[in-house]
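Down below is the structure, laid out as C-alpha cells.
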Amino acid sequence: MTNAHPSEIDDFDAWESRPLSERARPQPPYLPGLNEAQREAVELLDGPVLVLAGAGTGKTRVLTTRLAHLINQQRAFPSQILAVTFTNKAAREMKERVAQLLGNAVEGMPWLGTFHSICVKILRRHAELVELKPNFTILDSDDQLRLIRQLLDAEGVDDKRWPARMFAAQLDRWKNRAQGPGQVPADETGFGEGRGVEFYRMYQERLRTLNAVDFGDLLLHVVTIFQHHPDVLADYQRRFRYILVDEYQDTNVAQYLWLRLLAAQHRNICCVGDDDQSIYGWRGAEVGNILRFERDFPSAQVIRLEQNYRSTPHILAAASGVIAANRERLGKTLWTDADAGERVRLIGHWDGEEEARWIGEEIEALARGTRGHDALSLDEIAILVRASFQMRAFEDRFLAIGLPYRVIGGPRFYERMEIRDAMAYFRIVVSPDDGLAFERIVNTPKRGLGDKAIQRLNQLARERGTNLLEAARIAAGGGEGITRKGASALGQLVGQIDRWAEMLRGTEVSHVELAEIILDESGYTAMWQADRSAEAPGRLENLKELVQALEEFENLQGFLEHVSLVMDNERDDAGAKVSIMTLHGAKGLEFPAVFLPGWEDGLFPSQRSMDENGVKGLEEERRLAYVGLTRARRHLTISFAANRHIYGRWQSSLPSRFIDELPPETVEVLTPPGLYGGGYGAAAAQEMTGSTLERAAAEASTYNSPGWKRMAERRASAGAGQGRGAHSPVVNATASARFETGTRVFHQKFGYGRITGIEGDKLSIAFEKAGEKKVVASYVTPAENQGGSEDIPF
DNA sequence: GGCCAATTGGTTTTT
DNA sequence: CCAATTGGCC
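Read in UniProt numbering, the first sequence has 695 at position 695, and its numbers run on one by one without any break.
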C-alpha cells in the first residue's frame, strides 16, 4: 500500500545511498548563541528526546533551530519531518522562523502543522477506509451540537434530563481518548438510561451519512486507520524519519497514541513541553503523557531548559514558590542572571471596581514613566484574568478614562452568525450531502419553512435513503406533507442551489464572484440590508470581509477547509493598547508589565475546578497561576478584592491561597497590614469579619509603605462621593443633569450618537455607527468635548 | 410559523 | 447583571 508520494521516498533512497562525504556540512551558523542545554536539545537528533522547557527558556528557539539543523545536516528531506503544534499560530511561527534560519533555502514543509490539519491531510487520502468520501466536511462544535440535538430528539430523549451538551461533552471525552463506540468502558454508558454507546453509534452513523467528521474524529479516524491497516501505518512510519512535538504537556490520549504509532519505527521523536504549564486538562490534555515519557520511550534522553531569559529573579522566585506546592511534577528550577529588579507587588482592594480603578491609574503611571522607569508603551502591558467576566470591570473603567485597550479572545470572526450562515450556503453548493448546512440556510432568510417542514424533510430523506437536498427536491414536487407555499419555496431554493453548483463546476465566474452571487440571489444580503437593528451594518461589513478573504484561496472548497481548521481571529487593530485577556489566552506570550487581578479564593483558584476535580483541579489552577506569573518580564502586580459584584450580587471572599505561597521576600505588600490581619493571604484573613475589614480600611491611611501612601493619596483625591464607584448616585445626578434628549454625544466605543431617552443613570443613544444602545451616562461626553473628562497623555 | 416575554444559568477554549 | 434560550401566544 503505497498510496502517497512514492517520488519523495525514491528521492530519499537515492540520496541516502550517496557517500557520507557528500553529505557533510559546514558548522551551521545558528548554533553559537545557544546555551549548553539548548544546544544539546538541538543536536541530540537521534532517539527519543524530551525537552522540558520552563517558561521563558527559549523553547521556540530550540524547536525551530532543531528543525533547521535536521534539514541543514541533511538528516532528512523537509518532507520527511513531522512537526506538530496545537495552534495554527504556532505552526505559522515555526514555519517562518525555520525559513529565516535557513535563508529560505527550504521549500515548504508539508508535514508541519497542527495535529488536526495533518490528520485531515492523512484522512483525505484514506477516507474510504472509514467509509467516508475524500471530500468530507469538517463540522465545528456548533454543527456537532445541532446534530446531537436532532438525534436525541428523534430518539425521544428528554433534553431536560439528558442535555445534548452533556452528551457532546461525553463524546469529546471518548474521542479525546481515541475510543470508538466499541471501546467505551462499561461504566461510561450511563447517558440516557444506559443508551450512551447506542447514541454514539447512531451519531457516527449520521456523520457518515452526511459525509462529515467532527474535530475529534480527525484523530480518532486516523488512529483507527493506523490500527487496522498496518500497511498504511508502515508507509507513514517510514516517511516520518523525525518527529517534533510542541506543547507536549497538552496532548490528549488520542494524540499520544497517534504519535506513538508514527514514531514506532524510527523512534526519532522529540517532544518539547513543560509539565508546569499544563492548563488544558479540562479539555482532555493528559499531563500524564509528559510525566510518563521516559517509560513510554525507553532510553529517552531528558533535557531541562532552566535558564530563563524573560523575567527578573523576583518574578521567577514568586513563580517557583507557587508551583513548588504542586506534587505531580517533574521538577525544574528556573534561574536567571538578570538584575534583581523590583519586587512583585501585592495589593488588596475593597471591591472589584476599586481594583479596576487602581490598575487603570497604575497603567497610566507606567505609560507616563512616572514609576521610576522608562515609559512603557501600552502594548507592553497586560491584564490577565481567570475568567472572562472579570474583563468587564476593566473595560468599563478604561472606557470611562479613555485608556485604549484590546480584549484578546473575544468571539471569533468565523463564529459570527452571518459568517456561519454565508458559509452554510457555500457548503451546500460545494457538498450536496451536507444536510446540516442545508438545514441552516433553508429558512434564512425566511422562506416559510420552519421546524415542521425540516422535520418532514429529514424524515423524507431517511425514507428515500438520500440527502436533505434531494429530499427537498422531491418535496418541492408537492404531495409530501409540505404546504403548497413551502413546496414552492423549496423548489426555488433547490433550483438556485443547482444553478450555483453548475456555476461552481463551470469557469464562467470566479469563486469570489460566485460567492457574491450566492449571497445576493439567496436574499441573504438583502435580509440584513432590510434589518434596522444596531448590528445589521456590522454584519454586512463582515460579509464583505468574508468575500474579501475568499480572494486568497483558489476555490470555495479550499476556503471552507481553511475555515473549519483555522478559526483565527487576528485582527491587528492599530495603535498601542493595553491587552486584557484570560490566563489561558496568555500562554506563550510575554509582557514587560503584567497585572494579575482577582486573586481570591473561589475565583482563583476557581471553586468549580476544586469542587469538580479536587486536588488535581487545584494543581491545574496553580499551574495557571504559574503561567500568569511567568508572563511578566519586569513589573508584576497581583491584586485581590474583598468584595466583588458578580452576576448582580455582592460576594465577599478571601485572598487566594496562592498568595500565601508567594515567598515573602520577593513581595512588596502595598496593602495595609491591618486590612488582612498583618500577614497576607487566606490563612491570615481566616478570622477577619466584615466589620474588622471596614475598620482596617479606615485605618489604611496610617500605613507607611510608599505604595500604600500613593494609593491613599489617590483615594483621598478621588473624593468620598466617587469612592464607591462611578455608578454612585452623586455621579448619576451630575450625569443626568448634564444631558438631555437630543444632545449629541461621544462614546469611547460606539462613537457619536444622539440621546433618545434617559432612564436614571442610563441613556438610550442612537449611535451613528453602532445603532441604538443603552449606555451608562458617565461613559458618554457631550460631542463638543470628546476628549473625555480627563486628559490622558497618549 | 413567527415573535415576544419569561426564565435560566453563567470557568477556562483550540481544532 | 445580562445573554441566550425556551415557552406561550398570536
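For glycine and all other residues, C-beta sits at the position ideal for the given N, C-alpha and C.
Residue i (DSSP reduced to helix, strand or coil)
i           : result
residue 149 : helix
residue 240 : coil
residue 266 : coil
residue 509 : coil
residue 555 : coil
residue 643 : strand
residue 79  : helix
residue 162 : coil
residue 599 : coil
residue 404 : coil
residue 137 : strand
residue 195 : coil
residue 730 : Annotation note: pLDDT 24 at residue 730 (below 50); position unreliable, coordinate value reported separately. The answer is helix: DSSP assigns residue 730 an H, G or I state.
residue 184 : coil
residue 574 : coil
residue 580 : strand
Contacting residues, own chain, Cβ-Cβ under 6 Å from residue i (five flanking each side not counted)
i           : result
residue 544 : none
residue 490 : 472, 475 and 476
residue 183 : none
residue 390 : 598
residue 10  : The pLDDT assigned to residue 10 is 41, lower than 50, so where the model puts this residue is not dependable; a value taken from the coordinates is nonetheless given after this. Within the same chain, residue 10 has no close Cβ partners at all.
8 Å CB neighbourhood of residue i in its chain, flanking five on each side removed
i           : result
residue 591 : 380, 381, 382, 579, 631, 632 and 633
residue 577 : 378, 379, 404, 405 and 406
residue 560 : 137, 423, 426, 427 and 430
Opposing strand residues paired with residue i [DSSP bridges]
i           : result
residue 542 : The partner list for residue 542 (beta bridge, DSSP) is empty, contrary to what the question assumes.
residue 808 : A question about residue 808 goes unanswered here, because the residues of the chain that appear run from 1 up to 794.
residue 351 : 643
residue 630 : Answer is none; residue 630 lacks a bridge partner.
residue 650 : 645
residue 606 : 602 and 603
residue 636 : 594
residue 381 : 593
residue 659 : According to DSSP, which records beta bridges pairwise, residue 659 is partnered with nothing at all.
residue 335 : 307
residue 301 : 49
residue 346 : 638 and 669
Exposed unless 16 or more other CB atoms sit within 10 angstroms - verdict on residue i
i           : result
residue 417 : exposed
residue 495 : exposed
residue 133 : exposed
residue 79  : buried
residue 114 : buried
residue 170 : buried
residue 273 : buried
residue 356 : buried
residue 191 : buried
residue 452 : exposed
residue 587 : buried
residue 327 : exposed
residue 500 : buried
residue 135 : exposed
residue 251 : buried
residue 529 : exposed
residue 626 : buried
residue 866 : Because the chain here runs from 1 to 794, residue 866 falls outside it and cannot be looked at.
Same chain, Cβ closer than 7 Å to residue i, five either side skipped, listed in chain order
i           : result
residue 220 : 175, 178, 180 and 254
residue 551 : 512
residue 485 : 448
residue 201 : 181
residue 433 : 210, 211 and 467
Check: residue i C-beta below 7 Å from any heavy atom of the ligand FAD
i           : result
residue 154 : Inclusion of the ligand FAD in the displayed structure is not the case, the ligand content being empty and no account of it being possible.
Quick check: the stretch 29 to 47 against the stretch 301 to 310, are there 3 or more CB pairs under 8 Å?
yes
Please confirm if the stretch 390 to 408 is in contact with the stretch 430 to 443, defined as three or more CB-CB distances below 8 Å between the two stretches.
no
Pair every Cβ in the stretch 596 to 608 with every Cβ in the stretch 307 to 320, then say whether three or more of these pairs are closer than 8 Å.
no
Say whether the stretch 284 to 297 touches the stretch 632 to 651, bearing in mind that this needs 3 or more beta-carbon pairs closer than 8 Å, one atom from each stretch.
no
Closer than 8 Å is the cut-off here; do at least three beta carbon pairs connect the stretch 63 to 75 with the stretch 89 to 98?
yes
With three or more beta-carbon pairs closer than 8 Å as the criterion, would you say the stretch 610 to 617 touches the stretch 362 to 372?
no
Contact between the stretch 145 to 164 and the stretch 219 to 234 is defined here as three or more beta-carbon pairs at a separation below 8 Å; is this criterion met?
no
Counting pairs of Cβ atoms below 8 Å between the stretch 262 to 278 and the stretch 235 to 248, do you hit three or more?
yes
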